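K.L.:
I have a structure here, written as structure tokens, and I will follow up with some questions on it.
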Amino acid sequence: MKKRVLTVDDSRTIRNMLLVTLNNAGFETIQAEDGVEGLEVLEDCNPDVIVTDINMPRLDGFGFIEGVRRNDKYRAIPILVLTTESDAEKKNRARQAGATGWIVKPFDPTKLIDAIERVTA
């Protein structure tokens, strides 16, 4: 059975790159454009892992991660942050919100797949 990945990113380019990378690696990919849509989509898709950006309109990655973690049903889903940010304070804030890992853009497709495989093993 294919592992399901929910990607949350406001950049169409990044969403397209993620879609191609993940689908080519054999994952089922569900996409959302920001944290609000991410929380809406989460209800129906029950992902094995979530990949989210931090800087997004309406609801940023921190708020999205906190929203996911507030629901017991989703507490165990690994969340990887994929962002241009590399600031230690932001990494720490994401970890406190409930993020599992941190990947800096532009991402290396192989490293992203390895990270997803690791957190879903």
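If you use the UniProt record's numbering, the sequence shown corresponds to residues 1 to 121, in order.
Positions of the beta carbon are idealized from the N, C-alpha and C atoms, including for glycine.
Treat the numbers as computed from the prediction; the structure is a model and nothing was measured.
What is the C-beta distance between F64 and T52, in whole angstroms, given that I count them as a contact (C-beta under 8 Å)?
P.N.:
Indeed, because the Cβ distance is near 6 Å, the residues count as touching under 8 Å.
K.L.:
Out of V20, R15, P47, L42, which has the shortest C-alpha to C-alpha gap to K2?
P.N.:
Checking every option, the nearest Cα to that of K2 belongs to P47.
K.L.:
Can you grab the Cα-Cα spacing for the pair K91 / P78, in whole Å?
P.N.:
Each residue's alpha carbon lies about 15 Å from the other.
K.L.:
Going by DSSP, which residues form a beta bridge with T29?
P.N.:
Bridge partners of T29: V5.
K.L.:
Three or more beta-carbon pairs under 8 Å between the segment 94–104 and the segment 7–26, yes or no?
P.N.:
With the cut-off at 8 Å, the segment 94–104 and the segment 7–26 do not touch.
K.L.:
Among residues of its own chain, excluding the 5 on either side of D60, which ones have a beta-carbon nearer than 7 Å to its beta-carbon?
P.N.:
Within the same chain, D60 has close Cβ partners G35, I54.
K.L.:
Can you name, in chain order, every residue of its own chain whose Cβ lies under 6 Å from the Cβ of T21, other than the five neighbours on each side?
P.N.:
Cβ neighbours of T21 beyond the five flanking positions: P109.
K.L.:
Where are the alpha helix (DSSP H) runs, 4 residues long or more, that stay fully inside the UniProt domain "Response regulatory" (4–120), in chain order?
P.N.:
DSSP runs (the alpha helix (DSSP H)) wholly in the UniProt domain "Response regulatory" (4–120): 12–24, 35–45, 61–70, 88–97, 109–120.
K.L.:
Go ahead and label G38 buried or exposed: buried means 16 or more other beta carbons lie within 10 angstroms of its beta carbon, across all protein chains shown.
P.N.:
Answer is buried; the Cβ neighbour count reaches 16.
K.L.:
If we ignore side chains and look at the alpha-carbon of each, how far apart do residue 129 and I113 end up?
P.N.:
Only positions 1 to 121 of the chain appear in the structure, and residue 129 is not among them; the question remains open.
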